[in-house]
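Q: Here it is, the structure, as structure tokens.
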Amino acid sequence: DDLGNRNTTAGDATAASARDPRIDDLEDGDDRILQVAGRRGFWHVFNDGTGEQTPGLYEAPLPSLGGLAGDGLAMHTSGNGFVDWGAGIEVDLNNPGSQVTDPRRASYDLNAYQGVSFQARGSASTRLRFQAVTRAVATLDEGGRCDPSQEGCFDTHGVDIELRDTWREFRVPFAALSQGGWGQQEDFDPRQVLAFAFQHIVQEDNVGSSFDFWLDDLVLYGPEMSSPLPHMDETTTNDFTPRAVPETTD
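The sequence shown runs 5 to 254 under the working numbering.
Here it is in structure tokens:
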């Protein structure tokens, strides 16, 4: 699929706008994000090829029933048997094509925002990491600057997310993102973000384990707009551990 022709390259960055901070609420039932504030893109499945994932690697992930309201839609993926680096799902922010290798895939400038919020739930065995994929760590064939012939590409800036089997709202400030430390070290640049990714991470103590998680209501937030979520204190150091937004009572 194609969202239309536009003269962008991997070196271009479309600037963010606070007019509409929504990335996707999934209620349209397709694999495209909301086309607002210059953003355009598709959801993608990714994995290391060693296990089984639903949807499959070459299938378009579509929202499923089971969202926040019970009868709403949300993005869902599950799998097992991965023994290398894992599996997950990601969403492009500035790509008119449906593949991450589309030569028109470009970065999106998020400098006007402080972070991203989203709803998530999942199984206890899921070891989820939220990641902001930038041009500095992505390979050349996926719109980045990292030479795939060199080791250490895709040491992406991110944070670990602790899931429960009930929906919770999370707010992740970009200042809290850090690399895993195993690859080429790069500073996080919010002006050069290609995609947001949600990855089940494989480590020594969970090789081959199952995962199952749901996502809904991805929204950007910044200093000049009212927050889409109830107030929560934010930690802006690299040892930040995302916490669910506290539940409110009447």
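Quick reminder that beta carbons are idealized off the backbone N, C-alpha and C, glycines included. Here the structure is a predicted model, which means the values were calculated and not measured.
Is it true that the CB of F202 sits closer than 8 Å to the CB of L219?
A: A contact, by the Cβ cut-off of 8 Å.
Q: Do the segment 100 to 116 and the segment 65 to 81 meet, that is, are 3 or more Cβ pairs less than 8 Å apart?
A: Output reads no: the segment 65 to 81 does not touch the segment 100 to 116.
Q: Check whether the Cβ atoms of L132 and L167 sit closer than 8 Å, and answer yes or no.
A: Cβ distance < 8 Å, so L132 and L167 count as in contact.
Q: Is the Cβ-Cβ distance between P177 and G119 less than 8 Å?
A: Yes, the Cβ-Cβ distance between P177 and G119 is below 8 Å.
Q: Please return the same chain residues whose Cβ sits closer than 6 Å to the Cβ of L144, not counting the five positions on each side in sequence.
A: Counting only Cβ-Cβ distances below 6 Å, and skipping sequence neighbours, we find nothing.
Q: For the segment 145 to 160 and the segment 97 to 109, state whether three or more C-beta atom pairs, one from each stretch, are separated by less than 8 Å.
A: With the cut-off at 8 Å, the segment 145 to 160 and the segment 97 to 109 touch.
Q: In three-state terms, what does DSSP make of G119?
A: G119 falls in the strand class under three-state DSSP.
Q: Comparing alpha-carbon positions, which option in A64, V40, G83, E31 lies nearest N51?
A: Here the closest residue by C-alpha is G83.
Q: Please tell me whether S102 and F215 are closer than 8 Å, where the distance is taken between their beta carbons.
A: It is not a contact, given that the beta carbons lie outside the stated cut-off.
Q: Whole angstroms are fine: how far does the CA of Q189 sit from the CA of I165?
A: Those two C-alpha atoms are separated by around 22 Å.
Q: Along the beta strand (DSSP E) that carries E94, what are the first and last residues, could you check?
A: Element bounds for E94: 90 to 96.
Q: CB-CB under 7 Å to L233, same chain, minus the five flanking residues each way: which ones, in chain order?
A: Because L233 carries a pLDDT of 40, less than 50, the predicted location of this residue cannot be relied on, and no value is offered for it.
Q: Does DSSP classify E173 as helix, strand or coil?
A: If DSSP states are grouped into helix, strand and coil, E173 belongs with the strands.
Q: Which of the three DSSP states is assigned to E238 in this structure?
A: Confidence at E238 is low in this model, with a pLDDT of 39, below 50, so the placement of that residue should be treated as unreliable; the coordinate-derived value is given next. Looking at E238 - three-state DSSP - the assignment turns out to be coil, as it is neither helix nor strand.
Q: Once the 5 residues before and after D88 are set aside, which same chain residues still bring their CB inside 7 Å of it?
A: Counting only Cβ-Cβ distances below 7 Å, and skipping sequence neighbours, we find D52, T54, V206.
Q: Between which two residues does the beta strand (DSSP E) harbouring Y225 extend?
A: From DSSP, the beta strand (DSSP E) with Y225 extends over 215 to 225.
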